[in-house]
């Protein structure tokens, strides 16, 4: 835990306290870094610690009791929670005909149940203050398009979209904004490990901008949704895919 105090930073999130799940690599790391850059104190919930400039808490976000305890620890330490970014997720590539129940449950628990667990855990503290920003990372998979060998992932991400819309309606009266971001092809270790060079080249050719996105492309939008500049935006799914789903 080696983050400087938020008062030392400027930015649109100065003084805010944020939890980012799965924030040690890929999109999650990009988001955590961006929130800190904008002045927030960032607590990362993840299963495995990697070199980080944020507060790190080892957490299995599919375990509701563990999440509840660690959210309460965060509140004791920082006195509040302003922001929750639900980013944790896995996406092992496997053909549906070969998919086991265990593989299905692993993805649903990590990618969808975790959103329920974390949102439920921060809710009392946000409702009490009548303020909060909740952003969940969905995907164009399961929202705009489907992808082969990712039936479990597409199902989980579609669930996040529906969850976002329903919960946004329930929490609007409490001053809590609930939104989601749907990335397209983003160059992360998980994606590069799941696709070979030929598949990546083919994917890039299908993107109008002719490049894969970077974690910062997602992080910039998430930071905006976590800021007071987005106070009148709730229940939305913002697609960030370089134009891929326009075709």
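In the numbering used here, the protein residues as written are 896 to 1142.
Even for Gly, the Cβ is constructed at its ideal location relative to N, Cα and C.
request  = Give the straight-line distance between the Cα atoms of residue 1052 and residue 1118, rounded to the nearest whole angstrom.
outcome  = Cα to Cα, the separation comes out at about 20 Å.
| query | Should residue 949 go down as buried or exposed, given a rule of 16 or more other Cβ atoms within 10 Å for buried? | reply | Buried, because 16 or more other Cβ atoms sit within 10 Å of the Cβ of residue 949.
Residue 918 beta carbon less than 7 Å from that of residue 924
Residue 918 is positioned such that its CB atom lies closer than 7 Å to that of residue 924.
Checklist entry - How long is the line joining the alpha carbons of residue 1091 and residue 1105, rounded to whole angstroms? => result When rounded, the distance between both Cα atoms is 17 Å.
- Sub-7 Å separation of residue 1075 and residue 985 beta-carbons: Against a cut-off of 7 Å, the Cβ pair of residue 985 and residue 1075 comes out as no contact.
- Query: Apart from the five residues on each side of it in sequence, which residues of its chain come closer than 7 Å, Cβ to Cβ, to residue 1040?
  - Reply: These residues qualify, in order along the chain: 1140.
Could you check whether residue 1056 and residue 1066 sit closer than 7 Å to each other, using their CB atoms as the reference points? Cβ atoms of residue 1066 and residue 1056: not closer than 7 Å.
Report the three-state DSSP secondary structure of residue 908 (helix, strand or coil). Coil, per DSSP.
### Message
Using a 10 Å radius around the Cβ and a threshold of 16 neighbouring Cβ atoms, would you call residue 974 buried or exposed?
### Response
With a 10 Å radius around the Cβ and a threshold of 16 neighbouring Cβ atoms, residue 974 comes out exposed.
Next item on the list: From the DSSP output, in three-state form, read off residue 971 for me.
Entry: Residue 971 sits in a helix when the DSSP states are folded into three classes.
Report task. Give a yes or no on whether the C-beta atoms belonging to residue 966 and residue 1016 are separated by under 7 Å. Result -> It is a contact, given that the beta carbons lie within the stated cut-off.
* What residue range is occupied by the uninterrupted beta strand (DSSP E) comprising residue 1077? -> Residue 1077 -> beta strand (DSSP E) spans 1071-1078.
| request: State the Cα-Cα distance for the pair residue 1080 and residue 1136, rounded to the nearest angstrom. | output: Straight-line Cα distance between these residues: approximately 6 Å.
field: Neighbourhood of residue 951 by C-beta distance below 6 Å, restricted to the same chain and skipping five residues each side
entry: Once the five neighbours on either side are set aside, the close Cβ partners of residue 951 are 939 and 944.
request  = Sort 1116, 964 and 1095 by Cα distance to residue 1107 and report the nearest one.
outcome  = For residue 1107, the nearest C-alpha among the options comes from 1095.
- Cα separation between residue 987 and residue 964? Cα to Cα, residue 987 sits roughly 29 Å from residue 964.
Which residues in the same chain have their Cβ closer than 7 Å to the Cβ of residue 1038, if we skip the five residues on either side of it in sequence? Leaving aside the five residues that flank residue 1038 on each side, the residues in its chain whose CB is nearer than 7 Å to its CB run, in chain order, 1052, 1053, 1056, 1077 and 1132.
**Asked** Are the Cβ atoms of residue 916 and residue 958 separated by less than 7 Å?
**Response** No; because the gap between Cβ atoms is not below 7 Å, this pair is not in contact.
_Using C-beta distances below 7 Å, list every residue in its chain close to residue 970, excluding the 5 sequence neighbours before and after it, in chain order._
So the qualifying residues of the chain are 976 and 1020.
Query raised in the report: Who are residue 1028's beta bridge partners in DSSP?
Result: Secondary-structure assignment with DSSP links residue 1028 through a beta bridge to 978 and 1072.
| request: Count the other C-beta atoms from every protein chain shown that fall within 10 angstroms of the C-beta of residue 896, then say buried if there are 16 or more, exposed otherwise. | output: Because the pLDDT of residue 896 is 32, which lies under 50, any placement of that residue in the model is unreliable, and the number read from its coordinates should be weighed accordingly. Per the 10 Å Cβ criterion, exposed.
*May I have the straight-line CA-CA distance separating residue 922 from residue 1023, to the nearest angstrom?*
Spanning the two alpha carbons is a distance of roughly 30 Å.
For residue 933 versus residue 907, is the C-beta distance shorter than 7 Å? Closer than 7 Å, so yes.
What is the rounded straight-line gap between the Cα of residue 929 and the Cα of residue 1114? Taking the straight line from one Cα to the other gives about 6 Å.
- Query: Hey, would you say residue 1002 sits closer than 7 Å to residue 1048, going by beta carbons?
  - Reply: Cβ atoms of residue 1002 and residue 1048: closer than 7 Å.
Separation of residue 998 from residue 992, as counted between CA atoms:
About 12 Å.
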